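Comments concern the structure below.
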């Protein structure tokens, strides 16, 4: 079962403005039976103000196609034609609290029907420049036709190229086999052979070896970054010494002897490790412990 | 009221007594059947019993012909890959356009590895041309794989006859009988079928258990190598609880075989006739006089299947569709397209699959609700009525399938 939002279900089960519109003066037909989606959008436009007074739809399609059609008619009613032309398929999807990636084409169809209807009203000819293929990348909803055209137009030859140009394959990476197949096919057209090489997910560059001074400065920077939070709780932290992997600090103010001290230090230690890219241990210095002993007799 | 589940070709409810039979094998009977001690030994005996129960349902000659696997897909892959590995000189495979993706996608993959795959075509009812099949059989063919019953329409392929023909030509024959096992009587010992796949969850056993039947003497190469389980033909510690469950389910299916082919068939026929009598422009797909007793696949023209399913679901009725939208692809079911069902109807195909738990009241309810749903969606369809787009589909389209 698709993971449809409540809004999608609601617009599917009780579609708004479904059925023919008798006195429509703008009609847009898009889609085809082959792909299982077809939409007729009918508008009643006020010729003086170019405002959409009424809108209705007839849709042959799945739940999200019907919901997208319903949403579209609700969005554009009362809009001027120029304003309506600015409605994007993302607006339709947003209105429905999102659509599954496989179903985004339903919202695209809604937008195309709108363009077609407005072209029809203005006596223009609207041509569908959008061709859809099988969905390859489910993370970013990118289909085979788009990938193929991009590979062809830019002479791409690696999966990495495809990720960079189209985003396809940049998510969960489970579609890389499909992308490779497209590369094999398109590269064969231009007489090349696809040679696979593993895609390396770029890693954060590891910090090189720091000098003692650089290291201490970085530690100070990390401590400075947490200081405002500590000060908000009327505490503070100061660096006492660095001895190899051990960082001695002094917890002062309210932090000294706080029940949460161990937890706070653990959090800071984690931050330090992430920043320095090495294992370090943070230890409250003896001086701090002594001062604490003095203040809590 | 509980939901009405008419999607038994997708999966079935695990029978309560199957669950009861399984439960001890999670706790007190947890032993590894390969172990020497009594913990393992009792489990080993339980597996032996289950193997006999499966053997009985399949009419296999020997219990050692039963290999437990993890699912129908594993059985299909094991069978086909074994056949080609055991016959490295033979570079052709014969299958059909109606196969389940478990076979089709494996075959398209093997094409990339240099195999020549012949996909037998079907007519508008999904029937094969056996003359064409006969012409393809040669000593170049490693294996034939054809399904016993189609998952979408329930229609049978003449697998017994096809197996005889393959055998005469010296070609191995495999059948994916996932939909057929438990619904129609099977007697493998009197057939020339070399390999057969079945899946537990289609006959009220749990998911995650399957069987590959391998006729004694057929050359075999395992898919999973490792331990000595299943006589070295399928390594990996046995899924003991599920195997015990499958054995129990096979015994129950055997006992219910008559009911399945009388009562379930009667309810299916009533459902189909009831809907077709009330809904215009609808027809049953497939080879309707030669199909599983539990399956009815109806094409409703000019509307889309996913929308039908969502509305049926609102009434608590579970069915499935060959529509593109339910699969995430943009193409409707390959089965419907292969049978030449026009797009106007293929997108609206809806499969009702019953089980021995389906009641008359449930069938009556579906007959009552479905026509309203179809009418409601057609009212919204631009292809319905006088207001269709310029390319009026009705003109180009005159169904001859009814």
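Chains as they are written, first to last, in the working numbering: chain A, -6 to 290; chain B, 240 to 641. Note that the Cβ used here is the ideal one computed from N, Cα and C, for glycine as well. Since the model is a prediction, treat every value here as computed from it, not as a measurement.
Listed along the chain, the chain B residues whose CB falls inside 8 angstroms of the CB of residue 237/A amount to none; the nearest CB is some 47 angstroms away.
The C-alpha of residue 104/A lies about 10 angstroms from the C-alpha of residue 98/A. By DSSP's assignment, residue 132/A forms no beta bridge with any residue. For a Cβ distance threshold of 7 angstroms, nothing in chain A lies close to residue 261/B: the least Cβ distance comes to about 27 angstroms. The beta carbon of residue 275/A sits no closer than 8 angstroms to any beta carbon of chain B. Partner residues in the beta bridge of residue 355/B, as assigned by DSSP, are 331/B. According to DSSP, residue pairing for residue 413/B in a beta bridge involves 384/B, 434/B.
Between residue 86/A and residue 100/A, the gap from beta carbon to beta carbon is short of 8 angstroms. Of 178/A, 52/A, 231/A, the smallest CA-CA separation from residue 140/A is found for 178/A.
For residue 229/A, the enclosing beta strand (DSSP E) has its first and last residue at 228 to 236. When 8 angstroms is used as the limit between beta carbons, residue 618/B is near these residues of chain A: 11, 12, in chain order. In the same chain as residue 260/B, and ignoring 5 residues on each side of it, the C-beta atoms closer than 7 angstroms to its own belong to 483, 484, 487, in chain order. According to the DSSP assignment, residue 244/A belongs to the beta strand (DSSP E) that extends over 239 to 246. CA-to-CA, the gap between residue 460/B and residue 167/A works out to about 29 angstroms.
Counting along the chain, residue 146/A sits inside the alpha helix (DSSP H) bounded by residues 137 to 147. The C-beta distance from residue 530/B to residue 394/B rounds to 5 angstroms, short enough to meet the 8 angstroms contact threshold. Distance from the Cα of residue 455/B is smallest, within the candidate group 474/B, 493/B, 411/B, 444/B, for 411/B.
Cβ-Cβ distances below 7 angstroms link residue 209/A to 235 in the same chain, with the five nearest sequence neighbours on each side left out; the list follows chain order.
Inclusion of residue 439/B and residue 481/B in the CB contact set at 8 angstroms is warranted, their separation being smaller than that value. Scanning the segment 198 to 226 of chain A from its first residue to its last, the whole alpha helix (DSSP H) runs of 4-plus residues come out as 205 to 225. When the beta-carbon positions are compared, residue 621/B and residue 52/A come within less than 8 angstroms of each other.
Residue-level contact by beta carbon fails for residue 186/A and chain B, as no gap is shorter than 8 angstroms. Counting the other CB atoms within 10 Å of its CB gives residue 489/B a total of 16 or more, which places it among the buried residues. Pairing residue 434/B with residue 413/B gives a Cβ-Cβ distance under 8 angstroms. Shortest Cα-Cα distance from residue 494/B to any of 258/B, 293/B, 267/B, 326/B involves 293/B. Rounded to the nearest whole angstrom, the CA to CA distance from residue 464/B to residue 552/B is 44 angstroms. In this structure, 286/B is the residue among 462/B, 286/B, 502/B, 517/B with its C-alpha nearest to the C-alpha of residue 268/B. Counting only the Cα atoms, residue 174/A lies some 46 angstroms from residue 496/B. Nearest CB-CB separation between residue 33/A and chain B: below the 8 angstroms threshold.
Taking 7 angstroms as the cut-off between beta carbons, the residues of the segment 53 to 73 of chain A near chain B are 53, 54, 55, 56, 59, in sequence order. By the Cβ rule, the segment 157 to 167 of chain A counts as touching the segment 125 to 134 of chain A, because three or more pairs are nearer than 8 angstroms. Under a 10 Å Cβ-count criterion, residue 218/A is classified as exposed, with fewer than 16 other Cβ atoms of the shown protein chains found around its own Cβ. Taking 8 angstroms as the cut-off, the beta carbon of residue 451/B is found closer than this to the beta carbon of residue 308/B. Within the segment 243 to 272 of chain B, no residue places its CB atom closer than 7 angstroms to a CB of chain A. Taking all protein chains in view, the Cβ of residue 479/B is crowded by 16 or more other Cβ atoms within 10 Å, so the residue is classified as buried. A contact is defined here as three or more CB-CB pairs under 8 angstroms, and the segment 298 to 305 of chain B fails this definition with respect to the segment 319 to 331 of chain B.
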